[in-house]
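> Note that this note's numbering numbers the sequence shown so that position 100 is 93, with each residue one more than the last. Heads up, the beta-carbon is just placed ideally off N, CA and C, and yes, glycines get one too. Structure provided below as structure tokens; questions to follow.
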Amino acid sequence: MPLVTVEAEPAQLSVEIDRAALVIIDMQRDFLEAGGFGEALGNDVSCLQAAVAPCRAVLGAARSLGMLVIHTREGHRPDLSDAPPFKVERGDPKNRIGARGPMGRILIRGEPGHDIIPELYPLADEPVIDKPGKGAFYQTDLELMLRNRGIDTLFVGGVTTEVCVNTTVREANDRGFRCIVLSDCCASYFPEFHQAGLAMIKAQGGIFGSVALSLPLVEVLTALVEPSATHFRAGIANNRSARY
Ligand code: TIU
């Protein structure tokens, strides 16, 4: 079984790669494109673009290796029956959850804005978790899916760092999953919150996770797919025989 060394903070980690999954949080048009929920909240959505290319690179490497890839989307039923009233009532009524915008009803399942951006669009066999909250474990079958596959480690990217990524990582940590948050695969509307969101995960000896850059991981995964490639300098402990 491929065991890889991942350079992370606060410490290097050994990961059984076939027990790891890539979880991409809420890379939806509603958060990343103009006219959606993120902009309705008063944010500059262009801040989130930085995470797209790194996510795409990790996604490509994970797919090549056959690693489990899970996408999440935040959103609600058209009748808003799963949306807490206090969540819906926040903000300007013209722009709140369920209101009509240029990408359809804001944060409503089935609307164009709710879908994942084309650059990171899920493949047909990649699970998509529709979640009503900020955390991907709350009122979803994500935990069941991970347990059924024997997953113990999550590589996590997506948006936003301090909201849905942080909430999901805290939920995962409490359930016994080890999270490695890919810092450049995450983004926030607030650069200082992005930094703080990462810092608080890895502080205190990795109080609820670790933080790593995506490129070394991409190199490790690519080397597992192509053992003779020049990428092989990345830290592989003992995968030599098996193609994963
Ligand atoms: N996905 C996610 O983070 N949902 C949010 O509402 N984030 C904000 O930063 N607003």
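1. Verify the contact flag: V(-3), CB atom, against every heavy atom of ligand 1, threshold strictly below 7 Å.
2. Would the stretch 64 to 72 and the stretch -1 to 8 be scored as touching if the rule is three or more Cβ pairs under 8 Å?
3. Let me know if Y114 comes out buried or exposed under the rule of 16 or more other beta-carbons within 10 Å of its beta-carbon.
4. Under a three-way DSSP split, which group does F130 fall into?
5. Between the alpha carbons of L255 and P86, how many angstroms are there, rounded?
6. Need the endpoints of the alpha helix (DSSP H) that E164 sits in, please.
7. Hey, is C157 close to ligand 1, as in C-beta under 7 Å from one of its heavy atoms?
8. Kindly indicate which three-state DSSP category G91 falls into: helix, strand or coil?
9. By Cβ distance, which residues of its chain are closer than 6 Å to M193, with the 5 residues on each side in sequence left out?
10. Which first and last residues belong to the alpha helix (DSSP H) in which T215 is found?
11. Here's the rule I'm using: 16 or more other beta-carbon atoms within 10 Å means buried, otherwise exposed. How should P47 be labelled?
12. Should Q21 go down as buried or exposed, given a rule of 16 or more other Cβ atoms within 10 Å for buried?
13. Measure the C-alpha to C-alpha separation of T160 and K127 and round it to an integer number of angstroms.
14. Hey, is L34 close to ligand 1, as in C-beta under 7 Å from one of its heavy atoms?
15. Check this for me: beta carbons of V174 and G198, under 8 Å apart or not?
The structure says:
1. no
2. no
3. exposed
4. coil
5. As shown, the chain starts at -6 and ends at 237. That puts residue 255 outside it, with no answer to give.
6. N159 to D167
7. yes
8. coil
9. none
10. S207 to V218
11. buried
12. buried
13. 6 Å
14. yes
15. no
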